[in-house]
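Numbering (our numbering), first residue to last: 13 to 336.
Below you can see the structure in the form of structure tokens.
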């Protein structure tokens, strides 16, 4: 036998191969090699210490990982997922929806309950999630506007039970809205929303491509007025300013949606949005502390951090000026 032969090193190589390449569990490796699991764990650690196992992170991934940590620290998020950017806004919405559906699908249990907000991106997430989930999920509509919660797929697989609020997003009067909220069926759905495992919301920008304008629920003139009042975006169709404060309008009295202050009552609020027209809206939602998790793309994330830096500098200059 070669005097330079190192049995322990050979064993470490085998264990590393089985664990990292073949994706076997430590218990499975222990059974194959005839050694206990504690020794497997010890040899994996030793292989990393000795440099036998090394890890290489691609620069683009490392950059996103660093940005994710920065977002968590600045905006007190529980989690964030930043995906690579894509050229067109429609492709971006679809990529974000797929990423969100995969993120949630990995974390839900059998017969989970998931709250869904109004909009194009949540609708796409619902469709991908219902196709991807192995067991049925229960979907609770947080708002009116039933059409956005219905299946929009050619696939025969739609593994979701829908619990819908059967009314428009914006009612014709505040009286009708208040009376509808007293209905037993709607109150039942509102109570179910409080115990859901996840809450998925889109983040709307104040621009003419917004879903709420495309569906003729609001007009471009309505948006012009909202912008003059300081609105930079919306969450659950509540319009907010750059600091995340509610823009109080007549729409609020007719909106079939949970109150902005109620969002903090929901579990695992996941905001999904991206694109140049959503930068201020995302910043506002983060500043208002409405989210637990953000899913966005790299270009948008970079722009939101730039905006944060810009706002910080402005605030610092104002404070310095006030002290003089």
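By construction, the Cβ of each residue, glycine as well, lies at the ideal position given by its N, Cα and C atoms. Keep in mind it's a predicted model, so treat the numbers as computed, not measured.
Rounded to the nearest whole angstrom, the CA to CA distance from residue 211 to residue 262 is 26 Å. Closest in C-alpha terms to residue 260, from the list 96, 105, 307 and 242, comes 242. Here residue 205 really is in contact with residue 154; their C-beta atoms are around 6 Å apart, less than 8 Å. The beta-bridge partner set that DSSP reports for residue 49 is empty. Residue 173 is bridged by DSSP to 150.
Secondary structure note for residue 268: it is in no beta strand (DSSP E), with a DSSP letter that is neither H nor E. Look at the region 288 to 325 and you find these whole runs of beta strand (DSSP E), each 3 residues long or longer: 305 to 309. Sequence-distant Cβ neighbours of residue 218 in its own chain, meaning closer than 7 Å and more than five residues away, are 235, 238, 239, 243, 244 and 245.
In this structure, residue 208 lies away from residue 266, with their beta-carbon atoms at least 8 Å apart. A contact between stretches requires three or more CB pairs, one per stretch, nearer than 8 Å, and the region 174 to 184 fails this requirement with the region 97 to 108. Linking residue 299 to residue 309 through their CA atoms gives a straight-line distance of about 18 Å. In the same chain as residue 156, and ignoring 5 residues on each side of it, the C-beta atoms closer than 6 Å to its own belong to 177, 179, 180, 181 and 268, in chain order.
Taking 8 Å as the cut-off, the beta carbon of residue 95 is found no closer than this to the beta carbon of residue 80.
Residue 120 carries a coil assignment under DSSP once its states are collapsed to helix, strand and coil. Around the C-beta of residue 32, fewer than 16 other C-beta atoms lie within 10 Å, and the residue is accordingly described as exposed. Nearest Cα to residue 322 within the set 307, 292, 198 and 149: 292. For residue 275 and residue 37, the gap between their C-alpha atoms comes out near 40 Å. Take the alpha-carbon of residue 324 and the one of residue 318: they are about 10 Å apart. Looking only at 287, 312 and 252, the smallest Cα-Cα distance to residue 297 is reached by 252.
Beta bridge pairing from DSSP links residue 127 with 152 and 211. Around the beta-carbon of residue 19, fewer than 16 other beta-carbon atoms lie within 10 Å, marking it exposed.
Secondary structure of residue 258 (DSSP, three-state): strand. Around the beta carbon of residue 141, 16 or more other beta carbons sit within 10 angstroms, so the residue counts as buried. In the structure shown, the three-state DSSP call for residue 91 is strand.
Looking at the DSSP output, residue 250 shares a beta bridge with 247. In the three-state reduction of the DSSP assignment, residue 284 falls in the strand class. Within the model, the alpha-carbon separation for residue 255 versus residue 214 is close to 18 Å.
By the neighbour-count definition (other C-beta atoms within 10 Å, threshold 16), residue 54 is an exposed residue. Annotation for residue 180: no alpha helix (DSSP H) segment contains it, and DSSP assigns it neither H nor E.
Going by DSSP, residue 33 is part of no alpha helix (DSSP H) at all; its letter is neither H nor E. Residue 112 sits away from residue 281, with the two beta carbons spaced by 8 Å or more.
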